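Add 11 to a position in the sequence shown, counting from 1, and you land on the number used in the numbering used here.
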Amino acid sequence: MESSTLFQTAEEFAKSLGVSVRTVDTWIDRNLIPTEKIGKRRLINLYQIRKNLGSGEPINTSTLMKKL
């Protein structure tokens, strides 16, 4: 994943993480990863993910696991 890339398709995102597209679609449906609708396509917002990771806020993994 290029650092200048702002958006990825679910397929690209799944490949970069080594998970299935179905898993990524589930995360999208459960609002676990940020997306933007651009035209007719729903793309994963990598900028927002990087921003959230850079904030240093702790993630409550037990809450996250309940959502999965």
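Think of the CB as a built atom: it goes at the ideal place given N, C-alpha and C, for glycine as much as any other residue.
Values in this document were obtained by computation on a predicted structure and should not be read as measured data.
No residue range can be given for Lys51, since it is assigned to no beta strand (DSSP E) and is classified by DSSP as neither H nor E.
Going by C-alpha positions, Arg33 is about 15 Å away from Gln19. Residue pairing from DSSP places Phe18 in a beta bridge opposite Asn56. Around the C-beta of Val30, fewer than 16 other C-beta atoms lie within 10 Å, and the residue is accordingly described as exposed. Under DSSP, Thr46 forms a beta bridge with Ile55.
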